[in-house]
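Participant: Starting off with a structure, shown below.
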Amino acid sequence: MRRRHFIGAAAAGAALLSAPMLRAQGRPRVLVVGGGAGGATVARYLAKDSAGALDVVLIEPNEVYRSCFFSNLSLADLRTPASLEHRYDRLRADYGVAVLHDRAVAVDRARREVALGTGGVLAYDKLVLAPGIDFVPGSVEGWSETDAETFPHAYRGGAQVDLLRAQLGAMRQGGTFALIAPPNPYRCPPGPYERVSMVASLLGRINPTAKILVLDPKATFSKQALFEDGWARHYPGMVERIGPDAGGNAVEVRPAAGEIVVAGTVVKVDVCNVIPAQKAGAIADAAGLTEGGWVPVEPQTLSIKADPALHVLGDSAAQGDMPKSGFSANSQAKVVANAIRAELTGSRAFPPRYSNTCWSAIAPGDGVKVGASYTAGEGKIAAGEGFISQVEEAADLRAATYAESFAWYDAISEDIFG
Amino acid sequence: MPSGRGIHAINEAWRRRCDNRCLVRQKNVIQAAADLQNLGFMYIRPRIFANLCVATNWARSALVIARGVGGAGVIALTLMAAASATVASAQDLAASTEAMAEAPSCAGVPLAASPGEEPALVDPAKDLRGAIASGPGDRDWGEWLAGECLACHGLHAKAAASIPPLAQLDPMAFASALEEYRRHLRLDPGMRLVAARLAPDEVAALAAYFASLPPENAADAVPALNR
């Protein structure tokens, strides 16, 4: 791996050569930035299917990936944090992906080079950006990322989720947990509300007189009927949601004082989870690709219209109708991998095919799901047929859906990381 | 012929979702309906079929079913013979039909479709099992298409996994399962969506790919839908 790294850095000048000339000299290189559900899937499928014909390099700062999906379940102790950890060993050993634990800090699109945080430069024939999300500064008055140790966002997995769990565990009896939900569009549309459910499950067990206050800038939200029905059944009286009509859209937070201000009223909170407005990961901005915070992409192959050597997928992409989810990123990644491989190696190009399913846990043993198929439509990925769980479903079916989500987690983890 | 495997899989799915009392009754009707469908009668509506079986008698049921597929008396006679062979006894049938009436409240899971909802009609030109029978599918295309499947299904069995693994799937059992989703004989809405979108040649391609995958161990050599 390291050897490849150095070869790659030394060969940066080769980026001046056209792709066909590169191929004549050696394997075309695909750089993938971001080792989450989208990026790791692209890297794995490219390496697996090209059987050595491509030099696949994955740039990801973290040696251990903690999935954001299912992190809510760890708040209710339904998954251990360790069970959400994934490493890149199999991508290296079984598929020959060169994994660099580094940060991509700049893209020179004219030279087809990516600058790394440690100072190296890597040339590419194709570049795939899958950097996930960043937070929009100032979107919640009084909060910045430096406050995340006090009022955690817990929205990119990992230590922030553990911090939120620890704060909830230490909360005084009868205390108030506040969750500030983000405006659209954002990662995992049901995520904040699954989080409310899982926190309610935890508090019902360890702090049954506690209250949950949801401050929401949106009038409606994903799976709303299912969540509200579930909260009433499982956690009666515990959850109160304040929508935009009552000030949920203009909340000020005061982390140092442990307060929030809603519609002019100061509310003392014991634990506060601030999920800010979101935008594409920083490298997308650095590459000059964003419009309105996200990266517009072509629906056929998630390429950039002005720069066909570049693809952007997953949460960062403004692709149309697909929700920002790990499932969507994984689905998009396979389309991108197929398109890149076909272009660089002459393998068969298949028509794109997209799908998404999002499971949510409302309570232990009570799961719901929503899903749809998608097609590459006119100017966007367009939603086709879909389905959603129903409010009146029987407990057996909910239990089966809940169990199914665990099987899905195992399967998609294998599909992403090998 | 029909696939015992497909029927087994229906029952398996139901076992997970319905209580045993319901299952014992329901599976008889479903089995009869599935067997008839596997004989080539694509438009059978299980609920209508079951109701007719109670309200009238076998012969009339078969005639109505035959009319549903545009068949004539000859077909009806053939069907009657086949139907007689596939259902164990009149007593079973009565019990099954009673269960059909209860089905909407049976663990809250509708049998084939909700009351008032017509079960999905399937275009006979989209004959999934026929596509399998007509020759090996395009494995490479199948490998591409399988990307959608592998977001939820593993290749190999894991303990207690409630989504079946795909390596070594028997092609005909696979096609039968998808056909049953397309007809809403199986319940999962996600798989109904997947099955509705797949063309016969795509199913054949997928089947070729799954069948080509090596088993993880000897136990995996057993077609997964049999479990």
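Chains as they are written, first to last, in the working numbering: chain B, 1 to 418; chain X, 1001 to 1227. All residues carry an ideal CB built from backbone N, CA and C; glycine is no exception. Since the model is a prediction, treat every value here as computed from it, not as a measurement.
At a Cβ threshold of 7 Å, is residue 350 (chain B) touching chain X?
Facilitator: Yes, its Cβ sits closer than 7 Å to a Cβ of chain X.
Participant: Does residue 134 (chain B) pass the burial test, meaning 16 or more other C-beta atoms within 10 Å, or should it be called exposed?
Facilitator: It is buried - the Cβ of residue 134 (chain B) has at least 16 other Cβ atoms within 10 Å.
Participant: Any beta carbon of chain B sitting closer than 7 Å to that of residue 1162 (chain X)?
Facilitator: Interface residue, yes.
Participant: Consider the Cβ of residue 1153 (chain X): report whether some Cβ of chain B lies at a distance smaller than 7 Å.
Facilitator: So yes, residue 1153 (chain X) belongs to the interface.
Participant: Starting from the Cα of residue 47 (chain B), find the closest Cα among B:30, B:328, B:113 and give me that residue.
Facilitator: The candidate whose alpha carbon is nearest that of residue 47 (chain B) is B:30.
Participant: Determine, for residue 1190 (chain X), whether the minimum Cβ-Cβ distance to residues of chain B falls below 7 Å.
Facilitator: So yes, residue 1190 (chain X) belongs to the interface.
Participant: Would you mind sorting residue 137 (chain B) into buried or exposed? The rule is 16 or more other CB atoms within 10 Å of its CB.
Facilitator: Its Cβ having fewer than 16 others within 10 Å, residue 137 (chain B) is exposed.
Participant: Mapping the DSSP letters down to three states, classify residue 76 (chain B) as helix, strand or coil.
Facilitator: Looking at residue 76 (chain B) - three-state DSSP - the assignment turns out to be coil, as it is neither helix nor strand.
Participant: Using a cut-off of 7 Å between C-beta atoms, extract the partners of residue 415 (chain B) located in chain X.
Facilitator: The answer, in chain order, is 1150, 1151.
Participant: Output, in sequence order along the chain, the residues in the region 305 to 323 of chain B whose CB is closer than 9 Å to any CB in chain X.
Facilitator: Of all residues in the region 305 to 323 of chain B, none has a Cβ within less than 9 Å of some Cβ in chain X.
Participant: Just the Cα atoms here: how many angstroms apart are residue 1144 (chain X) and residue 1199 (chain X)?
Facilitator: In a straight line, the C-alpha of residue 1144 (chain X) is about 14 Å away from that of residue 1199 (chain X).
Participant: Applying a beta-carbon distance threshold of less than 8 Å, which residues of chain X neighbour residue 371 (chain B)?
Facilitator: What residue 371 (chain B) touches in chain X: 1189, 1190, 1193.
Participant: From the DSSP secondary-structure annotation, give me the bridge partner or partners of residue 303 (chain B).
Facilitator: The partner list for residue 303 (chain B) (beta bridge, DSSP) reads B:311.
Participant: Helix, strand or coil, according to DSSP, for residue 1163 (chain X) in the structure here?
Facilitator: Residue 1163 (chain X) falls in the coil class under three-state DSSP.
Participant: Mind pulling the beta strand (DSSP E) runs of 3 or more residues that sit fully within the region 115 to 146 of chain B?
Facilitator: Complete beta strand (DSSP E) runs here, min 3: 121 to 123, 126 to 129, 133 to 135.
Participant: Can you list the residues of chain B that residue 1183 (chain X) reaches, using a CB-CB cut of under 9 Å?
Facilitator: The premise fails here: residue 1183 (chain X) is roughly 16 Å from chain B at the closest Cβ pair, so nothing lies under 9 Å.
Participant: Within 10 angstroms of the Cβ of residue 1134 (chain X), are there 16 or more other Cβ atoms? Answer buried if so, exposed if not.
Facilitator: Result: exposed.
Participant: Can you check the region 334 to 404 of chain B for any alpha helix (DSSP H) of at least 4 residues that lies completely inside it and give the ranges in chain order?
Facilitator: Here no run is fully enclosed.
Participant: With a threshold of 7 Å on Cβ separation, who are the neighbours of residue 415 (chain B) within its own chain once the five nearest residues in sequence on each side are excluded?
Facilitator: The answer, listed in chain order, is 41, 330.
Participant: Report yes or no: do three or more beta-carbon pairs, one from the region 274 to 293 of chain B and one from the region 360 to 370 of chain B, lie closer than 8 Å?
Facilitator: Because the criterion of three Cβ pairs below 8 Å is not met, the region 274 to 293 of chain B and the region 360 to 370 of chain B do not touch.
Participant: With H, G and I counted as helix, E and B as strand and the rest as coil, what does DSSP make of residue 1145 (chain X)?
Facilitator: It is helical.
Participant: According to DSSP, what are the bridge partners of residue 104 (chain B)?
Facilitator: Paired residues: B:116.
Participant: Express the C-alpha separation of residue 400 (chain B) and residue 319 (chain B) in angstroms, rounding to a whole number.
Facilitator: Roughly 32 Å between the two C-alpha positions.
Participant: Taking 6 Å as the line, does the beta carbon of residue 98 (chain B) fall inside it for any heavy atom of the ligand HEM?
Facilitator: Although the ligand HEM was asked about, the structure shown includes no ligands whatsoever.
Participant: Suppose contacts are defined by Cβ-Cβ distances below 7 Å. Is residue 142 (chain B) in contact with residue 267 (chain B) by that definition?
Facilitator: No; because the gap between Cβ atoms is not below 7 Å, this pair is not in contact.
Participant: Three-state secondary structure (DSSP) at residue 151 (chain B)?
Facilitator: Reduced to three states, the DSSP call for residue 151 (chain B) is coil.
Participant: Could you work out which residues of chain B lie near residue 1170 (chain X), taking near to mean beta carbons separated by less than 8 Å?
Facilitator: Within chain B, no residue comes near residue 1170 (chain X); the closest Cβ sits about 20 Å away, beyond 8 Å.
Participant: Do residue 324 (chain B) and residue 187 (chain B) count as a contact pair if the criterion is CB distance below 7 Å?
Facilitator: Yes. Within cutoff.
Participant: Of all Cβ atoms in chain B, is any one closer than 7 Å to the Cβ of residue 1126 (chain X)?
Facilitator: Output row for residue 1126 (chain X): interface = no.
Participant: Go ahead and label residue 338 (chain B) buried or exposed: buried means 16 or more other beta carbons lie within 10 angstroms of its beta carbon, across all protein chains shown.
Facilitator: The residue is buried, with at least 16 neighbouring Cβ atoms inside 10 Å.
Participant: Taking the beta strand (DSSP E) that residue 55 (chain B) falls in, what are its first and last residues?
Facilitator: 55 to 59 is the extent of the beta strand (DSSP E) around residue 55 (chain B).
Participant: Let me see if you follow: with CB-CB separation under 7 Å, is residue 209 (chain B) close to chain X or not?
Facilitator: So, not an interface residue.
Participant: Give me the Cα-Cα distance between residue 272 (chain B) and residue 215 (chain B), rounded to the nearest whole angstrom.
Facilitator: Distance between the alpha carbons of residue 272 (chain B) and residue 215 (chain B): 11 Å.
Participant: Would you say residue 343 (chain B) faces chain X, with C-beta separation under 7 Å as the test?
Facilitator: Taking Cβ atoms only, chain X never reaches closer than 7 Å to residue 343 (chain B), which makes this a no.
Participant: What are the residues in the region 216 to 237 of chain B lying within 7 Å of chain A by C-beta distance?
Facilitator: No chain A is present in this structure, whose protein chains are B and X.
Participant: When burial is assigned at 16 or more other CB atoms within 10 Å of the CB, is residue 298 (chain B) buried or exposed?
Facilitator: With 16 or more Cβ atoms within 10 Å of its Cβ, residue 298 (chain B) is classed as buried.
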